[in-house]
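Residue numbers (the working numbering): 320 to 493. Below you'll find the structure, written out as structure tokens, and then a few comments.
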């Protein structure tokens, strides 16, 4: 997945807990975590561990985080060091924040003509278990789609859950 925005002269990138790409075209100097403005709507939410690369003006920075399957791709994309999933949280448990960006990248982010890209790639191979309780009244929950896409295996507890997931339930011990 690629998130795309552009730079802004007020970008400071000094926040030590978050990093954010904003759909708003304008910000003030008080927005210390914002690294891009004019964020374009993205595809769909992801689930699982992520490898992230932030690029602008020929400079780049890499970090890891854990995707939030409840993220709304039409709004802000906040990457947090903490596990807190507030509205707009794209990923949590990040290994870096805005204040960790190298000076050259921060300078590039201040150029209003700079294209800012955040590439997010799922990290495969790390074992993970996700327990997800599906609500049968919401059969097309986008969080469920993101979790299923990230899963190596899906186990339905009963026939109803299997129908909701679109898989065949297996009888007997798993």
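Every residue gets a Cβ at the ideal spot worked out from N, C-alpha and C, and that includes glycine.
Check: Considering Cα atoms alone, identify which of 328, 332, 398, 323 is closest to residue 419.; Outcome: 332
Check: Can you tell me which of the three DSSP states residue 408 falls into?; Outcome: strand
Check: Please classify residue 387: is it buried, with 16 or more other beta-carbons within 10 angstroms of its beta-carbon, or exposed?; Outcome: buried
Check: Verify whether the separation of the beta carbon atoms of residue 325 and residue 432 is less than 9 angstroms.; Outcome: yes
Check: Could you check if residue 368 is buried or exposed, using at least 16 other CB atoms within 10 Å of its CB as the buried criterion?; Outcome: buried
Check: Assign residue 422 to one of three DSSP states: helix, strand, or coil.; Outcome: helix
Check: Give the DSSP-derived three-state secondary structure of residue 416 in the structure shown.; Outcome: coil
Check: Let me know the secondary structure DSSP gives residue 382 once reduced to three states.; Outcome: strand
Check: Residue 321 to residue 339, Cα distance in whole Å?; Outcome: 14 angstroms
Check: Report the three-state DSSP secondary structure of residue 428 (helix, strand or coil).; Outcome: helix
Check: Do residue 425 and residue 384 have their beta-carbon atoms positioned less than 9 angstroms apart in this structure?; Outcome: no
Check: At which residues does the beta strand (DSSP E) containing residue 322 begin and terminate?; Outcome: 321-325
Check: So residue 337 is in the beta strand (DSSP E); what residue range does that whole segment cover?; Outcome: 337-340
Check: Who pairs with residue 443 in a beta bridge, going by DSSP?; Outcome: The partner list for residue 443 (beta bridge, DSSP) is empty, contrary to what the question assumes.
Check: For the beta strand (DSSP E) holding residue 353, just list the boundary residues, first then last.; Outcome: 353-355
Check: Going by C-alpha to C-alpha distance, which of 437, 428, 374, 441 sits closest to residue 351?; Outcome: 428
Check: When the Cα atoms are used, what is the spatial distance from residue 411 to residue 341?; Outcome: 17 angstroms
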